[in-house]
Amino acid sequence: MIAQINGFFKLAENRTSFRQEIMAGLTTFLTMAYIIFVNPNILGDAGMDKGALITATILAAAFATILVGLWANVPFAMAPGMGLNAFFAYTLVLGQGMAWQTALGVVFISGIFFLVLTLLGVRKWIIAAIPMELRLGTAAGIGLFITFIGFKNLGLIVSHPATLVGLGTLTTPVVLGLVGLALIAVFEVMKIRGSILVGIVVTTILGMVFGLVGVPDSFFSTPPSIAPIFMELDILSALKWGFAGAIFSFMFVDLFDSVGTVVACSYEADMVDKDGNIRSIDRVLEADAVATVAGALMGTSTTTTYIESGSGIAQGGRTGLTALSTGLFFLAALLFTPFIAVVPAFATAPALIVVGVFMFKNVHKIDFQNFEVALPAFLTIILMPLTFSISMGLCVGFIAFILVSSFSGNISKVHPVMWIIGFFSLIELLLKAL
Numbered sequence: 069m070i071a072q073i074n075g076f077f078k079l080a081e082n083r084t085s086f087r088q089e090i091m092a093g094l095t096t097f098l099t100m101a102y103i104i105f106v107n108p109n110i111l112g113d114a115g116m117d118k119g120a121l122i123t124a125t126i127l128a129a130a131f132a133t134i135l136v137g138l139w140a141n142v143p144f145a146m147a148p149g150m151g152l153n154a155f156f157a158y159t160l161v162l163g164q165g166m167a168w169q170t171a172l173g174v175v176f177i178s179g180i181f182f183l184v185l186t187l188l189g190v191r192k193w194i195i196a197a198i199p200m201e202l203r204l205g206t207a208a209g210i211g212l213f214i215t216f217i218g219f220k221n222l223g224l225i226v227s228h229p230a231t232l233v234g235l236g237t238l239t240t241p242v243v244l245g246l247v248g249l250a251l252i253a254v255f256e257v258m259k260i261r262g263s264i265l266v267g268i269v270v271t272t273i274l275g276m277v278f279g280l281v282g283v284p285d286s287f288f289s290t291p292p293s294i295a296p297i298f299m300e301l302d303i304l305s306a307l308k309w310g311f312a313g314a315i316f317s318f319m320f321v322d323l324f325d326s327v328g329t330v331v332a333c334s335y336e337a338d339m340v341d342k343d344g345n346i347r348s349i350d351r352v353l354e355a356d357a358v359a360t361v362a363g364a365l366m367g368t369s370t371t372t373t374y375i376e377s378g379s380g381i382a383q384g385g386r387t388g389l390t391a392l393s394t395g396l397f398f399l400a401a402l403l404f405t406p407f408i409a410v411v412p413a414f415a416t417a418p419a420l421i422v423v424g425v426f427m428f429k430n431v432h433k434i435d436f437q438n439f440e441v442a443l444p445a446f447l448t449i450i451l452m453p454l455t456f457s458i459s460m461g462l463c464v465g466f467i468a469f470i471l472v473s474s475f476s477g478n479i480s481k482v483h484p485v486m487w488i489i490g491f492f493s494l495i496e497l498l499l500k501a502l
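Under our numbering, the first residue of the sequence shown carries the number 69, and numbering increases by one thereafter.
(1) Unbroken alpha helix (DSSP H) runs of length 4 or more, entirely within the stretch 432-495: which are they?
(2) When you compare each of VAL327, SER178, LEU185, LEU392 to ALA145 by their alpha carbons, which one comes out closest?
(3) Ordered along the chain, which non-local residues of its own chain (more than five positions away) have a Cβ less than 8 Å from that of ASN74?
(4) Going by beta carbon distance, what residues of the same chain come within less than 7 Å of LEU443, once the five residues before and after it are set aside?
(5) Could you tell me the alpha carbon to alpha carbon distance between SER289 and VAL410, rounded to whole angstroms?
(6) Name the residue from ALA314, ALA355, VAL485, MET486 whose alpha carbon lies nearest to the alpha carbon of ILE134.
(7) For THR372, name the three-state secondary structure that DSSP assigns.
(8) Going by C-alpha to C-alpha distance, which of PHE407, LEU462, GLY465, PHE105 sits closest to LEU265?
(9) Would you mind reading off the limits of the alpha helix (DSSP H) that contains PRO148?
(10) Compare the Cα-Cα distances from GLY205 to each of GLY477, PHE491, ASP435 and report the closest residue.
(11) Which term fits THR373, buried or exposed, when burial requires 16 or more other beta carbons within 10 angstroms of its beta carbon?
(12) Of all the options GLU440, GLY310, ALA71, which has the alpha carbon lying nearest to the alpha carbon of VAL482?
(13) Just list the alpha helix (DSSP H) runs in the stretch 286-363, keeping only unbroken ones of 4 residues or longer that don't cross its boundaries, in chain order.
(14) Could you name the residues of the same chain whose beta carbon sits closer than 6 Å to that of TRP139, not counting the 5 residues immediately before and after it, in chain order?
(15) Decide if SER474 is buried, meaning its Cβ has at least 16 other Cβ atoms within 10 Å, or exposed.
(16) Pick out whichever of THR84, ILE346, LEU451 has its Cα sitting closest to the Cα of THR159.
(17) Which runs of the beta strand (DSSP E), 3 residues or longer, sit entirely within the stretch 137-194?
(18) So does the stretch 338-348 actually touch the stretch 102-122, counting three or more Cβ pairs closer than 8 Å?
(19) Using the DSSP secondary-structure output, state which residues sit across from GLY236 in a beta bridge.
(20) Measuring CA to CA, which of GLY209, THR271, PHE492 is closest to ALA419?
(21) Please classify ARG83 as buried or exposed, where buried requires at least 16 neighbouring CB atoms within 10 angstroms.
(22) Using C-beta distances below 6 Å, list every residue in its chain close to GLY151, excluding the 5 sequence neighbours before and after it, in chain order.
(23) Return helix, strand or coil for VAL226, following the three-state DSSP convention.
(24) So, do the stretch 284-300 and the stretch 401-415 have three or more beta carbon pairs nearer to each other than 8 Å?
(25) On the CB-based measure, 16 or more other CB atoms within 10 Å of its CB, does PRO229 come out buried or exposed?
(26) Taking the runs of the alpha helix (DSSP H) that are 4 residues or longer, which of them lie wholly in the stretch 87-142?
(27) Check each candidate in ILE252, MET276, LEU447, VAL257 and name the one with the smallest Cα separation from THR240.
(28) Rounded to whole angstroms, what is the Cα-Cα separation between PHE398 and GLY380?
(29) Starting from the C-beta of THR99, find all residues in its chain whose C-beta is less than 7 Å away, skip the five residues before and the five after it, and write them out in chain order.
(30) Based on Cα-Cα distance, which residue from THR170, GLY165, ALA71 lies nearest to SER305?
(31) Could you check the C-alpha separation between GLY173 and ALA129 for me, to the nearest Å?
(32) In three-state DSSP terms, what is ALA80?
(33) Quick check on the burial criterion: 16 or more other C-beta atoms within 10 angstroms. Buried or exposed for PHE491?
(34) Between VAL136 and ILE90, what straight-line distance do the alpha-carbon atoms span, to the nearest angstrom?
(35) Can you tell me whether ASP325 is buried or exposed, with buried defined as 16 or more other CB within 10 angstroms of its CB?
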């Protein structure tokens, strides 16, 4: 059996071993398991059944990660993406009043488009069309967006009639959330794996001690039924011109999030040849798109490749066996759903804040001395949290880049595909503003 596994995943060729791959898979799981707690809390705010979301999140992550491991033989893990789940819940459903069933339809359609573009090779044109500064600005803006949501869920940032936002009071949940944030920060500085997961668990236990969180009757049981959200997507309602911007936003963010993660992790895993070609990148993106479609059917937001895959790679993971083991660990988490179900928002809020830091950290690569790229990037970054919408930040950033480049005499810098993106961005902006 071991010999067959070695042959299928080419362990010897990739200078790794069965034990090394399993340990790498466990490491990746521990560093990204926080999504099991966070995703249901975020999507639950959109009116979806939290118990079903726990099961759907685990199944979506397991399916996607096992798929990419078997199909592409790479040590990458996938799960519902941070930022994209916030866009789903807070922009589309709560912000625009879209039914969550329709929002799932939007996710499904974006996944289909992503898959078609990947199979046709069009994704290369889109990647080439978007300036690097806007890609970096998108990640940074989403980081600020979900950090803002984290502070809001924690209760540290509250609405204010005069200043729009203000500082909340230091209630017991807020203090416990700050303790969790401090714990995660210390563990991150100490390079301890699974810091976010530990922070969530410890904060939840403290909530139980202070009587803010109910103690579950048991910590092990069969998982909640996925029926309340399974196959509940409304594709027909999502096929409206007004939702084109949302579909593009999901597809765009997923595309660049996945590509950026794959590139970063591929270099760490020695998967890049001397010409800069990345092994199996097409298959990785195909798996990503299929996973998004499958996730929408299960009842969760866009599934994407996780940068936390790098933790398993750092432990020696080099093949799809790492991904396969990570996926199996996710499936094992189905047995712990009673504990997952009681995790409160103030325990997952610190995770949002810390993930926001991770997404913002590459902002220094933007050349803010060059106003031609600084303005579009800055508008992309700042308008995502201020408008509470990822798509608005993208639209304004794209339009600003085209206008600044055109009127500064550098119209040749605008890729032909960018004009098409800019046109749809303008339509989206007008539809929302008028």
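Just so it is clear, CB atoms sit at the ideal spot from N, CA and C, and this is done for glycine as well.
Answer, in terms of the structure:
(1) Segments of the alpha helix (DSSP H) lying fully in the stretch 432-495: 439-455, 458-475.
(2) Position 77 of the sequence shown, counting from 1, holds the residue named residue 145. Closest in alpha carbon position to ALA145, among VAL327, SER178, LEU185, LEU392, is LEU392.
(3) Translated into positions along the sequence shown, residue 74 becomes position 6. ALA80, PHE86.
(4) Working through the sequence shown from its first residue, we reach residue 443 at position 375. Cβ neighbours of LEU443 within its own chain (closer than 7 Å, five residues either side excluded): ALA468, VAL472.
(5) In the sequence shown, the residue the question calls residue 289 occupies position 221. In the sequence shown, the residue the question calls residue 410 occupies position 342. Straight-line measurement puts the Cα of VAL410 at about 14 Å from the Cα of SER289.
(6) Along the sequence shown, one-based indexing puts residue 134 at 66. Of ALA314, ALA355, VAL485, MET486, the residue nearest in Cα terms is ALA355.
(7) Your numbering for residue 372 matches position 304 in the sequence shown. Of the three classes helix, strand and coil, the one that applies to THR372 here is strand, per DSSP.
(8) Your numbering for residue 265 matches position 197 in the sequence shown. Here the closest residue by C-alpha is PHE105.
(9) What you label residue 148 is simply residue 80 of the sequence shown in a count that begins at 1. Taken as a continuous stretch (DSSP letters only), PRO148 belongs to no alpha helix (DSSP H), being part of the beta strand (DSSP E) at 146-148.
(10) Within the sequence shown, numbered from 1, the residue matching residue 205 stands at position 137. Selected option, being the one with the closest Cα: ASP435.
(11) Mapped onto the sequence shown, residue 373 falls at position 305. Flag for THR373 reads buried.
(12) Here residue 482 refers to the residue found at position 414 when the sequence shown is read from its first residue. When only C-alpha atoms are compared, the closest one is GLU440.
(13) 303-306, 312-336
(14) Mapped onto the sequence shown, residue 139 falls at position 71. Within the same chain, TRP139 has close Cβ partners ARG351, ALA355.
(15) For the purposes of this step, residue 474 is taken as residue 406 along the sequence shown, with counting starting at 1. With fewer than 16 other Cβ atoms within 10 Å, it is exposed.
(16) Position 91 of the sequence shown, counted from the first residue, corresponds to residue 159. THR159 has its Cα closest to that of LEU451, out of THR84, ILE346, LEU451.
(17) 146-148
(18) The stretch 338-348, when compared against the stretch 102-122, does not touch it at the 8 Å Cβ threshold.
(19) If you number the sequence shown from 1, residue 236 lands on position 168. GLY236 pairs with nothing; no bridge assigned.
(20) To locate residue 419, count along the sequence shown from 1; it is residue 351. Between ALA419 and the set GLY209, THR271, PHE492, the nearest pair of CA atoms involves THR271.
(21) As a position in the sequence shown, residue 83 is number 15, starting the count at 1. So ARG83 ends up on the exposed side.
(22) By 1-based counting over the sequence shown, the position of residue 151 is 83. Contacts found: ILE210, ILE214.
(23) What you label residue 226 is simply residue 158 of the sequence shown in a count that begins at 1. Residue state, collapsed to three classes: strand.
(24) yes
(25) Looking up residue 229 in the sequence shown gives position 161. The residue in question, PRO229, is exposed, as its Cβ has fewer than 16 Cβ neighbours within 10 Å.
(26) 102-112, 118-140
(27) Within the sequence shown, the letter at position 172 stands for residue 240. Of ILE252, MET276, LEU447, VAL257, the residue nearest in Cα terms is MET276.
(28) Locating residue 398 in the sequence shown gives position 330, where the first residue counts as 1. Locating residue 380 in the sequence shown gives position 312, where the first residue counts as 1. Straight-line Cα distance between these residues: approximately 15 Å.
(29) One-based indexing of the sequence shown puts residue 99 at position 31. Only ARG261, GLY262, GLU376, SER379 meet the Cβ criterion.
(30) Position 237 of the sequence shown, counting from 1, holds the residue named residue 305. Answer by Cα proximity: THR170.
(31) The residue you call residue 173 lines up with position 105 of the sequence shown. The residue you call residue 129 lines up with position 61 of the sequence shown. Roughly 19 Å between the two C-alpha positions.
(32) In the sequence shown, the residue the question calls residue 80 occupies position 12. Correct three-state label for ALA80: coil.
(33) Residue numbering aside, residue 491 sits at position 423 when the sequence shown is read from its first letter. Answer is exposed; the Cβ neighbour count stays below 16.
(34) Reading the sequence shown from its first residue, position 68 is the one you call residue 136. Reading the sequence shown from its first residue, position 22 is the one you call residue 90. Each residue's alpha carbon lies about 16 Å from the other.
(35) In the sequence shown, counting from the first residue as 1, residue 325 sits at position 257. Label assigned to ASP325: buried.
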